[in-house]
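Be aware that the sequence shown starts at 47, since it is given in my numbering, and climbs by one per residue.
First up is the structure itself, then whatever we jot down about it.
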Amino acid sequence: MDYAGQPGNAVRGQVRADPVKIAWIGSMLLIGTVGAALTISLSAIALFIGSTAVTLCLGHSLGMHRRFIHRSFACPKWLEYGFVHLGVLVGLAGPLGMLLTHDIRDWAQRQPRCHDYFGHRQVWYRDLSWQLFCSIDLERPPELCLEARIAGDPVYRWMERSWMLQQLPWALLFFGLGGWSWVCWGIGTRVSVSVLGHWLIGYFAHNTGDRDWHVSDASVQGHNVPFCAILTMGESWHNNHHAFPCSAKLGLKKGQWDPGWWVLTALEKSGLAWNVRTADALPAYRSTSATETDAPHHRPRHYRYSP
Numbered sequence: 047m048d049y050a051g052q053p054g055n056a057v058r059g060q061v062r063a064d065p066v067k068i069a070w071i072g073s074m075l076l077i078g079t080v081g082a083a084l085t086i087s088l089s090a091i092a093l094f095i096g097s098t099a100v101t102l103c104l105g106h107s108l109g110m111h112r113r114f115i116h117r118s119f120a121c122p123k124w125l126e127y128g129f130v131h132l133g134v135l136v137g138l139a140g141p142l143g144m145l146l147t148h149d150i151r152d153w154a155q156r157q158p159r160c161h162d163y164f165g166h167r168q169v170w171y172r173d174l175s176w177q178l179f180c181s182i183d184l185e186r187p188p189e190l191c192l193e194a195r196i197a198g199d200p201v202y203r204w205m206e207r208s209w210m211l212q213q214l215p216w217a218l219l220f221f222g223l224g225g226w227s228w229v230c231w232g233i234g235t236r237v238s239v240s241v242l243g244h245w246l247i248g249y250f251a252h253n254t255g256d257r258d259w260h261v262s263d264a265s266v267q268g269h270n271v272p273f274c275a276i277l278t279m280g281e282s283w284h285n286n287h288h289a290f291p292c293s294a295k296l297g298l299k300k301g302q303w304d305p306g307w308w309v310l311t312a313l314e315k316s317g318l319a320w321n322v323r324t325a326d327a328l329p330a331y332r333s334t335s336a337t338e339t340d341a342p343h344h345r346p347r348h349y350r351y352s353p
C-alpha cells in the first residue's frame with residue numbers, strides 16, 4: 047500500500063470541518079426534528095418506520111454493504127442497482143463515496159496504529175461531531191484505485207453525482223400523497239435517524255461489546271452489539287464482520303438475529319440471489335484468532351491496493 051511511492055500512514059492527518067456534510071446533515075436534522083414536530087401524524091410515523099426499514103435492510107445492509115462493497119452474493123444487475131439506490135437514500139453518501147470511505151477506514155483499522163478518527167476513540171460527543179460534520183485529510187493516504195467495472199459503470203457514476211438529489215423524487219411523491227408531514231418524516235426524520243444510528247452503532251461497535259474473534263495486527267477491533275441486531279438489520283454483529291468481512295451472513299451463532307440474512311435467504315430461494323458467501327467457505331487471507339479455531343480475513347477487493 048503506498049501513496050506517491052511512499053508507505054501510506056494511517057496516523058498522521060488533520061480533521062477538518064466539512065461544509066458539505068454540515069449543510070447536508072444539518073438540513074436533514076432541521077427538517078427531521080423541527081419540521082417533523084410541527085407536522086406529526088400517525089400516517090407520517092408509519093411512513094417513517096416503513097421507509098427506514100426498507101432503506102436500511104434492502105438498501106444499506108444488503109445492497110450497499112453486503113453486495114456492492116463486499117460482493118458477498120450475486121444478483122441480477124437491475125436488482126443490484128435498485129438496492130444500491132435504496133442504500134443511497136439512507137443519506138450517508140453516493141455509492142463511490144461509500145466505497146472510498148469504507149475502504150480507507152478498513153485499511154486504517156487494519157494497521158498497527160491509526161488516527162482516532164478511524165478508531166472512534168474520542169469521547170462520544172467529539173466523535174459524533176467528527177463523523178457527522180468533519181472529514182480527515184491524511185498526510186499520506188493509501189493509493190486506492192477503483193476497479194474498472196465500478197469506475198466505468200454509468201449508473202453508479204450518475205448515482206454518485208446526484209446522490210443528494212435522489213431524495214427529491216421521493217419527496218415529491220410523499221408530498222403528493224401526504225403533504226409536508228410525509229416529506230418531513232419520510233425524508234428528514236428518516237435520513238437523520240439513519241445517519242445518527244449509523245454513527246452510534248459505529249461508536250459502540252468499536253469500543254464496547256462481546257468479541258469472539260481477534261484480528262491479528264489490527265489497531266481497531268470490532269465488537270458485537272446484540273441489542274441493536276434487529277434495528278440494524280444484523281449490521282451490529284460487527285466483531286463477526288471484522289473477522290469475516292466477505293460473509294453475507296453476519297449473525298454467525300445461534301440466537302444472533304440477522305434480518306438482512308433472512309431476506310437474502312428468501313431471495314436465494316426465489317432465484318434472485320446466488321453465489322452467497324458465508325464464513326465457513328471463505329479462503330484464508332490473514333489469520334483471525336478465536337477461542338477454539340481460526341477464522342479467515344478478507345481485505346476489500348473493490349480497489350487495487352498498490353504494494
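In this text, a Cβ means the ideal position worked out from N, Cα and C, and glycines have one as well.
Since the structure is predicted, the reported quantities are computational estimates derived from the model, not experimental observations.
1) Over what stretch of residues does the alpha helix (DSSP H) that includes Gly224 continue unbroken?
2) Give the DSSP bridge partners of Ile182, in chain order.
3) Given this structure, state the Cα-to-Cα distance separating Ala312 from Gly243, to the nearest angstrom.
4) Within the same chain, show all residues whose beta-carbon is closer than 8 Å to that of Trp245, passing over the 5 residues directly before and after it, in chain order.
5) Per DSSP, Asn270 forms a beta bridge with which residues?
6) From the DSSP output, in three-state form, read off Val66 for me.
7) Do Gly255 and Asn270 have their C-beta atoms within less than 7 Å of each other?
8) What number of angstroms, rounded off, separates the C-alpha of Arg332 from the C-alpha of Ile276?
9) Gln155 lies in the alpha helix (DSSP H); which residues open and close that run?
10) Which class does Ala99 belong to by DSSP, given the choice of helix, strand or coil?
11) According to the neighbour-count rule (16 or more other Cβ atoms, all chains shown, within 10 Å of its Cβ), is Ala69 buried or exposed?
12) My understanding is that Ser227 touches Thr98, with C-beta atoms under 8 Å, so please give their C-beta distance in whole angstroms.
Taking the definition as stated:
1) 213-229
2) Val61
3) 26 Å
4) Asp173, Leu174, Gln177, Leu178
5) Asp256, Trp283
6) helix
7) yes
8) Residue confidence for Arg332 is low, a pLDDT of 48 falling below 50, so the modelled location carries little weight and cannot support an answer.
9) 141-155
10) helix
11) exposed
12) Not a contact, Cβ separation roughly 16 Å.
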